[in-house]
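Quick notes on the structure that follows.
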Amino acid sequence: MDMKFSVEAEAFRAEVCDFINDNLPDDIRHKVAQEEMILPREMMVRWHKILGKKGWSCPSWPKDQGGAGWSDEQHYLFEREIALSDAPRPIPYGVVMLAPCLLEFGTQAQQEKFLPGILSGDELWCQGFSEPNAGSDLASLQCRAVAEGDSYIINGSKTWTSEAHIADGMFGLFRTDSSGRKQQGITFLMIDMKTPGISVTPLMTFEGTHEVNQVFFDNVRVPFANRIGEENQGWAIAKYLLGLERFGTAEVGRSLASLGRLKKLAAALSVGEGCLRDDPDFMNEVARVEIALRALEVTEQRFLFGPGGSDAMGAEASMLKIRGTEIQQDILELTHQALGYAGQRGQDSGSVLQIAGITPEKAAMAHYNFRKTSIYAGSNEIQKTIIAKAVLGL
Amino acid sequence: MDMKFSVEAEAFRAEVCDFINDNLPDDIRHKVAQEEMILPREMMVRWHKILGKKGWSCPSWPKDQGGAGWSDEQHYLFEREIALSDAPRPIPYGVVMLAPCLLEFGTQAQQEKFLPGILSGDELWCQGFSEPNAGSDLASLQCRAVAEGDSYIINGSKTWTSEAHIADGMFGLFRTDSSGRKQQGITFLMIDMKTPGISVTPLMTFEGTHEVNQVFFDNVRVPFANRIGEENQGWAIAKYLLGLERFGTAEVGRSLASLGRLKKLAAALSVGEGCLRDDPDFMNEVARVEIALRALEVTEQRFLFGPGGSDAMGAEASMLKIRGTEIQQDILELTHQALGYAGQRGQDSGSVLQIAGITPEKAAMAHYNFRKTSIYAGSNEIQKTIIAKAVLGL
Amino acid sequence: MDFTFTEEQQLFRNSTRRFLEEQYAFEKRAGVLEQAHGFLESHWQNFAELGWLAMPFAEEYDGLGGSPVETMILMEEMGRNLLTSPYLATVVLGGGIVAEAGSEQQKSALLPQVGSGELKLALAFAEQGGGYDLTQIRLRAIKNDSGYLLDGTKTTVFYSVVADKIIVAARTAGQAGEREGVSLFLIDRDAAGLQSRDYRTQDGGSASDLDFKAVQVPEEALLGREGQGFLPLQRVIAKAAVALCAEAVGVMWAISEQSGDFLRTREQFGQKLGSFQALQHRLVDVYMKCQLGQSLVYDVVCALGQQAGEPFGPELLRKVCAAKYQVGLDARSVGQEGIQFHGAMGMMTELPIGHYYKRITAINSTFGDPRFHLRRYRELMIQDQETVA
Amino acid sequence: MDFTFTEEQQLFRNSTRRFLEEQYAFEKRAGVLEQAHGFLESHWQNFAELGWLAMPFAEEYDGLGGSPVETMILMEEMGRNLLTSPYLATVVLGGGIVAEAGSEQQKSALLPQVGSGELKLALAFAEQGGGYDLTQIRLRAIKNDSGYLLDGTKTTVFYSVVADKIIVAARTAGQAGEREGVSLFLIDRDAAGLQSRDYRTQDGGSASDLDFKAVQVPEEALLGREGQGFLPLQRVIAKAAVALCAEAVGVMWAISEQSGDFLRTREQFGQKLGSFQALQHRLVDVYMKCQLGQSLVYDVVCALGQQAGEPFGPELLRKVCAAKYQVGLDARSVGQEGIQFHGAMGMMTELPIGHYYKRITAINSTFGDPRFHLRRYRELMIQDQETVA
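Residue numbers (numbering that gives the first Met the number 0), protein chains in the order written: chain C, 0 to 393; chain S, 0 to 393; chain U, 0 to 388; chain E, 0 to 388.
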């Protein structure tokens, strides 16, 4: 048992670090450091292209498709350093989700048509899964695609669709048959967002961010050629896709970066003659979350690099999501609490106040915005039920 | 709105206080102050008779049966002062449970036969409800009573029966019919513990206390005259009985007394140059539980003396049990924690160490023993489900 | 021992609730918040007519002589309906400190105007870098021939942007951290040398940071006696903290009820969400927190009533800390559970739940957060034990 | 980065588990605990044969040269099977401090005997009124012509009743609270003037309070250098704390698994208990705590291995505190949940669950409870930040 990385791995880590330090634009780093999870399209694409020049924009892809051909350790270290350095998250829907599905289930033609735009960063995607009455219970989805000629005609809507307002395409699940079990009769389609009949309505989160949308389909025509896999066989692809997120669900690197900011803030915030760091009650909380984060970090490493490697990880991954989101929320809430009265400043208060690089109104936004993390991508309740059934046999 | 008691009530409180101070034997007070929930029979009876001389041993009974004829406020203050002064709990099974059932459902003859022994304290009872496969799900009980001549013949067993080893009689629920709904076919019987065929096996709790027993019935003959209510109608009586405990489930007075001891202990326990009370982390815990206890205390008072009075209290009472037991456990655990290494001393370590009146091995026993309180009398999970259904309509 | 409201109190609750439900239904809230300061100026006169603005003041100042119970009722209803207004700033803080510290003349001049709705006040007490400690006052008031010259800054002055006059806690002697030497001044919002940076707050309200650059005020601007401002300030902030606890309890009950409605009606996996036992038990926890918080507010409100006129003793201050700690902590967790119960819907701005949560967060960072109040409670508890010993 | 055990380690785990499951099945435990000191003296030789007693010592002292990983494996298995024995006292504490502080001669004389099972040791460090602070040593050792004269008391000396020799931390200089001036002495258990009050502990083990009344020891009794005993003491207690964390993780896994078995089989209201979602989610919490605790133990064990021979730096001490805090806290809640899952059965002495809980409680009050270790972690964390800044 040895928790040190190999010399080669450490050399790779140093390379990644150097690259980020030399190439991450300040404006982007600053935005990520303010805990903004979804960046403006321009920033996402700019960073993606910077990574692309190095061959690192889609590292998990097969090497001949533009991937980096890394080991598990390298993937782990890359994502960790990206996160620790406040570099943007990878473009989620195209790079991380759609592309592997195309590679696994798509035709040669589909791969040739869609992968280059994802790799270059010129085409952004969004994911059409959730519906107003199908959130956690995804298989209940009802948005219908009816075959007509060489196309499907889609009617209905998708909701809580992240980035639909900046995406060029949507991949998603649609109901092509209602007769059997609800998991049957679901088809996986790719849709050009410019197709007539699509309208996108912003859904504002309560703290005032526009990340998600409701997408309405009014007789939207999608050619058969845009279907991945067979008709009514979309559920298997969705399950494959949802199982992809092995790395990073714990968001340890991001939390370490946020925690570092919190600790700097505590040292910088004057309280009377001293600073907030002199308050043992507050610092107990910081210590508590730092320990929790370390426990999660090692747990993730054990799952990834333990006997059997990352392939051995099944429903255990659910616990990384549960604890990862709880800890993120905890850190960002403590940061907001630390600010006291200053944390009450609203979005339009003019950003005149900055303490240790933290803008109070951004800290408030982050605290509120991250409440979503225990809800999205399978709520933490769903994750617990998964563990209860798959791991504990209850 | 006014949270002060009336002048009359305060005068009554003073009378109770004076009486306890003048009459509670030191040896009994000491045992109760060690958090021993179940006293030796001799002590229970001795105190019961002391109260009895004052007419206070069965205060909730009707005045003509030996009760005190008090108002709700008086009952509340009496029980509170009893608890605060480390006087014993009332004899639970005869005085608090069986007697009201006899008064509500018993015949004149039954009342005349059984009440005097309960009132005098000369006859102790135990409660035969739980069975090895019927704990929380009481209606699943299977211990059978078969009518034969003028008697029932009982076969089977009851378990977790508190005080069966010191009791003269048992009242309990027995299966007289298995054909209908499981709540039907249950009959309420009173049994002389000296009847041939009864054997009592001690069940030791893990900390080494003998409080509960398993009681085996081997062709035990119980005359029809000992049945309360009709055959197969026992469930209604049981429900009446389980609904009786309005006062005292929160055990606020006891917890206040325990908390007082904990605070004295913290001041008396040397740590280096100072004492445990100088440790803000520990005292935060004490403050936290003191606030929680005050919130519970006022909640109980609101439920008892709010609009509609105590009759308006329904399933809300379940929350008094939940929080009351959680807080008791919390205080006794903190007390044990405070003792540090000394708290590791076992039962037979000779009791040479006492700090602020606390014997470490007794503090350990209390910590362990009180884990039962969130399980017994309807586990806290059952209580939550009661609130969910009856109060929240889920 | 009596936990019933008087008939007048019951009527007051009913009229308050009716008005708020009609005028401040959640559907209208976004529109109201779009107003300049998040508040419908035209409603202030309604508040006066409903008796809200004169409620806590003595009858000799045209007040209604209401007890802390009336304030509790009002704040709880405001919490339930998420009213965003200068009520706390003007009546509880501004009027409150005039009533506590003002001379007979000042009270007679100001309180009737507050009660009638003609005068809005704000209280400037907090300073950047002072945390929640009321003794951390650095803004200086130096006596000169014309009165006093004020220099320094104040932060997060609630609704000073709509106030006619501002009461400022300043230091005429001593150092930050000391109770002695704090004085209160009543100044016009447009006093020369006073600069205001106004902003909206996270919960939809308004606040300002004030910059005093050689602001000259006359001697009559002194509210009460020079150097004796700390105790009235402490009393008013304590009362206002209790008022916020009552508001938080109103918020908690609303979240509990709305979450119950959601769980009883929303389906997932072919069942009502409310049939899932894990959620049932968690809603029970929420319900219990509401009840326990309500109890601590009753506890301190009754104690406030009993100690009217007397200096606040440590026992009362402990009750304030107990409520502000426990209600704050529980309201936070109730808010988080409420969002979680609602799933993705809980994150949407169209539902009240997120806005309740923002209000809870603001309440918790006003007059001391739960950690601050647990520490103060602990200190008072230990002092008390040492005194007895 | 590698989380696999070597083949030898895997074999060691298997043989350990097999022995414990056969010889210390829970059904036999009550009988074992009835022995004089809660321990089967006859098994000590088995322990030696299994390699347990010589495992951590260097090969030059006839040890097996095992790393902290082997100790972790052993302690975890002992935890799973609730072994009550002088292992920690003799090998980890007693042998450990000889290895840390002893002269070459002392190590050569003592460690082989410990490893072979001939010699049992105990370590007397704690004093009544010292809390968990290792610097709180008041027992005095005054140098005289014959060596040293020891006066004072020690408390909770684990298994000193079966030990042949006791190592005592005494003060040859300085005051309680100081690190300097702590010296270690190796003394016979039957030394003149040494009185022992032996007792059984809550978890079935044995401990003693020792009273030193002018106990004369020769100069050779000094273990290591005079006044330099604190650092070795700190190192050994840190290692022993880690060993207890590993034991606690073994206990937690056992509770988790036994609770799972119970919930999967026991029926109530016509359903398996495990089908109730509230219980499902709570068992998931228990499971996650086991995993997280395991991780923190791995973390500190690897760091222990990497820092062998070097003085323990603040980073390593922080990992010790992190594990002892979090594992202690979580083991406590896992134990309480375990009892609650089992209902009334959970209170019965015939089931292991209550005994696991007692062991957890004892672990938490040995070498510092979770509160103590969170405080120390916090202090180290702040020091670290100050150093960087």
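By construction, the Cβ of each residue, glycine as well, lies at the ideal position given by its N, Cα and C atoms. For clarity, every value in this text was computed on a predicted model and none was experimentally measured.
For the alpha helix (DSSP H) that residue i lies in, which residues bound it at each end?
| i | result |
| --- | --- |
| P85(E) | Counting along the chain, P85(E) falls outside any alpha helix (DSSP H), and DSSP gives it neither H nor E. |
| D149(S) | No alpha helix (DSSP H) contains D149(S), which DSSP labels as neither H nor E. |
| S294(U) | 276-305 |
Would residue i pass as an interface residue toward chain E - the criterion being a Cβ-Cβ separation below 7 Å?
| i | result |
| --- | --- |
| F275(U) | yes |
| T298(C) | yes |
| L202(S) | yes |
Give me the Cβ distance between residue i and residue j, rounded to the nearest whole Å; I'm assuming they're in contact under 8 Å.
| i | j | result |
| --- | --- | --- |
| S182(U) | A169(U) | 6 Å |
| V31(C) | A86(C) | 7 Å |
| A247(U) | I359(U) | 6 Å |
| K27(E) | F205(S) | That belief does not hold up - the Cβ atoms of K27(E) and F205(S) are roughly 17 Å apart, past 8 Å. |
Taking C-beta pairs closer than 8 Å, name the residues in chain S that residue i reaches, listed in chain order.
| i | result |
| --- | --- |
| H280(U) | E380, K383, T384, A387 |
In the DSSP assignment, the beta strand (DSSP E) including residue i goes from what residue to what residue?
| i | result |
| --- | --- |
| E33(U) | That residue, E33(U), is in no beta strand (DSSP E); it is neither H nor E in DSSP. |
| Y23(U) | Neither: Y23(U) is in no beta strand (DSSP E) and is coded neither H nor E. |
| H209(C) | 209-222 |
Is residue i close to chain U, meaning its C-beta is less than 7 Å from at least one C-beta of that chain?
| i | result |
| --- | --- |
| K403(S) | This structure leaves residue 403(S) out entirely; chain S is present only between 0 and 393. |
| P306(S) | yes |
| I290(S) | yes |
| F205(C) | yes |
| Q343(C) | yes |
| N154(S) | no |
| I185(C) | no |
List, in order along the chain, the chain U residues whose C-beta lies closer than 8 Å to that of residue i?
| i | result |
| --- | --- |
| W159(C) | A343 |
| F4(S) | M0 |
Between residue i and the ligand ZN, is the CB less than 6 Å from at least one heavy atom?
| i | result |
| --- | --- |
| G233(S) | Judged by which ligands are present, the structure shown has none, so any question about the ligand ZN falls away. |
Using a Cβ-Cβ cut-off of 7 Å, state whether residue i counts as contacting chain S.
| i | result |
| --- | --- |
| Y355(E) | no |
| M74(U) | no |
| Q384(U) | yes |
Report the rounded CA-to-CA distance for residue i versus residue j, giving the unit in angstroms.
| i | j | result |
| --- | --- | --- |
| Y147(U) | G30(U) | 43 Å |
| A121(U) | G151(U) | 17 Å |
| C301(U) | L101(S) | 42 Å |
| L262(U) | H280(E) | 18 Å |
| D71(S) | L303(S) | 8 Å |
| Y286(U) | S255(U) | 6 Å |
| M234(S) | I352(E) | According to the sequence displayed, residue 234(S) carries Trp and not Met. The alpha-carbon atoms of W234(S) and I352(E) are separated by roughly 33 Å. |
| L303(U) | K271(U) | 44 Å |
| S177(S) | A67(S) | 42 Å |
| Y355(U) | G339(C) | 18 Å |
| V156(U) | Q346(C) | 17 Å |
For residue i, return the contacting residues in chain S, with the cut-off set at a CB-CB distance below 9 Å.
| i | result |
| --- | --- |
| Y60(U) | The contacting residues do not exist; Y60(U) stays about 24 Å from chain S at best. |
| G259(U) | L391, G392, L393 |
| F184(E) | Per Cβ cutoff of 9 Å: no residues; F184(E) is ~21 Å from chain S at best. |
Starting from residue i, find everything on chain U with Cβ-Cβ shorter than 9 Å and list it in chain order.
| i | result |
| --- | --- |
| D1(S) | M0, D1, F2, C301, G304, Q305 |
| F281(C) | R370 |
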